[in-house]
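Engineer:
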Amino acid sequence: MKEFRAWHLFLLMGLFGLFFLFYQGLWGDPTVLPPVIIEEPAPEILAPVLYEGEPIRLSDHLGKVVVLNFWASWCQECKLEHRFLLALKKRFEDNPNFVMYGVNYQDKDHLAKAYLEEHGNNFEHMIDMKGIISIDYGVYGVPETFVIDKKGIIRHKQIGPVMGDVYSELIEKVIEPLLNEPVT
Amino acid sequence: MIKLLALTVLFLLTFLLLFSQNLSAQTTPEPPPLSMNEDNLQTKTKEISQTLRCAVCQSESIWESNATLAIQMRDIIRERLLAGETGDEIRAYFVSRYGDYIVFKPRFRGINMLLWGGPFILLAIGMAVLLRKLKKWTARPEKEKPEPLAPIDETQRQRIEDELSSLK
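Chains as they are written, first to last, in the working numbering: chain A, 1 to 184; chain B, 185 to 352.
This is the structure we're talking about:
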């Protein structure tokens, strides 16, 4: 039996580490990309509204929990989540610290309005024709939903529709705890 | 063996030093453009766009892609160039929004260092192992020394002498 030296151990650990990374890479879902903007200050938004009114400025809502939902009239998954979004707004409509906006993405005004007339609407929407807001938030596609805390920090990003368990978890594990956080 | 390991470590350190210098040279901030006419604005937009991955396409840069997101990203690059930002600042902006995935060339930091250095580390380990084996294979075998004989007692010595004298 040859002497087992310290460098043998380091070499083995290094090789094991490399193989572990390789193994993880084999089973990871290549469509899932880690969001990098979480826990970062939410980029400022100044955008025109879909219907008549003053432009929306995100920083006006510091001290409140803001939900931003990126959607488009051509997006099929957006249709699936829409009734859950209406329910979300309805659930917190009496809470003065809750704000919810839709961000209409790569769409046309008249199509977006027709979509809302068909599926119902109870919250405000802004227009992002040039994709400036969506790129600023690192959006890949729609639907995507962001939750911003009272200090203006992005605390959650949901890629894909908010529905079923995702909807329940979003309320119980993200929005309600954030609403209960004190404003400092 | 210690010499061999020291050589390997030296090789790796030299590589990392040279490589990091090379990278820092690459990441030296570019001077802001003094004037941006339409031609060099287009050239610069193309140059930066070719280094960024289209987030919604298969292995295409945002310069090659016609996806709406890629077109919008190109517009943002153009606007930022006009605002006086450098290529590195623009790339850094996209990385801050989409992560390292958005650049074709991963940055030399964090776990990416393993990506850059991993093959060279493995090569160095392979070379060290190979050198060690070669050294063993090519080493001259030592001349075999006869094993020391066990001392013999008086009876055995007498018997040997008797047998030798009987041969004469």
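All C-beta atoms in this analysis are idealised placements derived from N, C-alpha and C, irrespective of residue type, glycine included.
What you are looking at is a predicted structure, and each value in this text was computed from that prediction instead of being measured.
Closer than 8 Å is the cut-off here; do at least three beta carbon pairs connect the region 105–123 of chain A with the region 227–240 of chain B?
Structural biologist: Verdict: no, contact absent.
Engineer: Does the CB of residue 138(A) have a neighbour CB from chain B at under 7 Å?
Structural biologist: Residue 138(A) sits at position 138 when you count from the first residue of the first sequence. Yes, contact with chain B.
Engineer: So, are the CB atoms of residue 99(A) and residue 133(A) less than 7 Å apart?
Structural biologist: The residue given as residue 99(A) occupies position 99 in the first sequence. The residue given as residue 133(A) occupies position 133 in the first sequence. No, the pair does not count as a contact, with Cβ atoms beyond the cut-off.
Engineer: Are the C-beta of residue 152(A) and some C-beta of chain B separated by less than 7 Å?
Structural biologist: Here residue 152(A) is taken as the residue at index 152 of the first sequence, counted from 1. Not one chain B Cβ lies under 7 Å of residue 152(A).
Engineer: Residue 87(A): which of 167(A), 71(A), 172(A) sits nearest, CA to CA?
Structural biologist: The residue given as residue 87(A) occupies position 87 in the first sequence. Comparing Cα-Cα distances from residue 87(A) to each of 167(A), 71(A), 172(A), the minimum goes to 167(A).
Engineer: Taking the alpha-carbon positions, what's the residue 210(B) to residue 266(B) distance?
Structural biologist: Taking the second sequence and counting its residues from 1, one reaches residue 210(B) at position 26. Taking the second sequence and counting its residues from 1, one reaches residue 266(B) at position 82. Interpretation of residue 210(B) is limited by its pLDDT of 45, a score under 50 that renders its predicted location unreliable; the figure taken from the coordinates is listed afterwards. For residue 210(B) and residue 266(B), the distance between alpha carbons rounds to 22 Å.
Engineer: Could you compute how far the alpha carbon of residue 163(A) sits from the alpha carbon of residue 80(A)?
Structural biologist: Sequence index remark: in the first sequence, residue 163(A) carries index 163 (1-based). Sequence index remark: in the first sequence, residue 80(A) carries index 80 (1-based). Taking the straight line joining both Cα atoms gives about 8 Å.
Engineer: Please work out which residues of its chain come closer than 8 Å, Cβ to Cβ, to residue 38(A), disregarding the five sequence neighbours upstream and downstream, and give them in chain order.
Structural biologist: Reading the first sequence from its first residue, position 38 is the one you call residue 38(A). Result list for residue 38(A): 154, 155, 156, 157, in chain order.
Engineer: By a C-beta neighbour count over all protein chains shown, 10 Å radius and 16 as the cutoff for buried, is residue 61(A) buried or exposed?
Structural biologist: Numbered from 1 along the first sequence, position 61 holds the residue referred to as residue 61(A). With 16 or more Cβ atoms within 10 Å of its Cβ, residue 61(A) is classed as buried.
Engineer: Can you give the Cα-Cα distance for residue 149(A) and residue 58(A), rounded to whole angstroms?
Structural biologist: Taking the first sequence and counting its residues from 1, the one referred to as residue 149(A) is at position 149. Taking the first sequence and counting its residues from 1, the one referred to as residue 58(A) is at position 58. Cα to Cα, residue 149(A) sits roughly 12 Å from residue 58(A).
Engineer: Please state whether the Cβ-Cβ distance between residue 72(A) and residue 101(A) is less than 7 Å.
Structural biologist: Indexing the first sequence from 1 puts residue 72(A) at position 72. Indexing the first sequence from 1 puts residue 101(A) at position 101. Result no, Cβ atoms of residue 72(A) and residue 101(A) do not sit closer than 7 Å.
Engineer: Quick one: grab the DSSP three-state call for residue 118(A).
Structural biologist: Position 118 of the first sequence, counting from 1, holds the residue named residue 118(A). Helix, per DSSP.
Engineer: Taking only the alpha-carbon atoms, compute the straight-line gap between residue 117(A) and residue 239(B) and give it to the nearest angstrom.
Structural biologist: If you number the first sequence from 1, residue 117(A) lands on position 117. If you number the second sequence from 1, residue 239(B) lands on position 55. About 31 Å.
Engineer: Taking residue 254(B) and residue 260(B) to be in contact with their CB atoms under 8 Å, please state how far apart those CB atoms are, rounded to whole angstroms.
Structural biologist: Numbered from its first residue, the second sequence carries residue 254(B) at position 70. Numbered from its first residue, the second sequence carries residue 260(B) at position 76. 11 Å between Cβ atoms; not a contact.
Engineer: Ends of the alpha helix (DSSP H) at residue 185(A)?
Structural biologist: Summary: the structure shown does not reach residue 185(A), with chain A confined to residues 1 through 184, and so no result is reported for it.
Engineer: Which residues, in order along the region 106–123 of chain A, keep a beta-carbon less than 9 Å from a beta-carbon of chain B?
Structural biologist: Here the close residues are 106.
Engineer: Against chain B, with Cβ distances strictly below 7 Å, would residue 22(A) count as a contact?
Structural biologist: Translated into the one-based positions of the first sequence, residue 22(A) becomes position 22. Not closer than 7 Å to any Cβ of chain B, the Cβ of residue 22(A) fails to qualify, so no.
Engineer: For the pair the region 278–285 of chain B and the region 35–49 of chain A, tell me if three or more CB-CB distances fall below 8 Å.
Structural biologist: Short answer: they touch.
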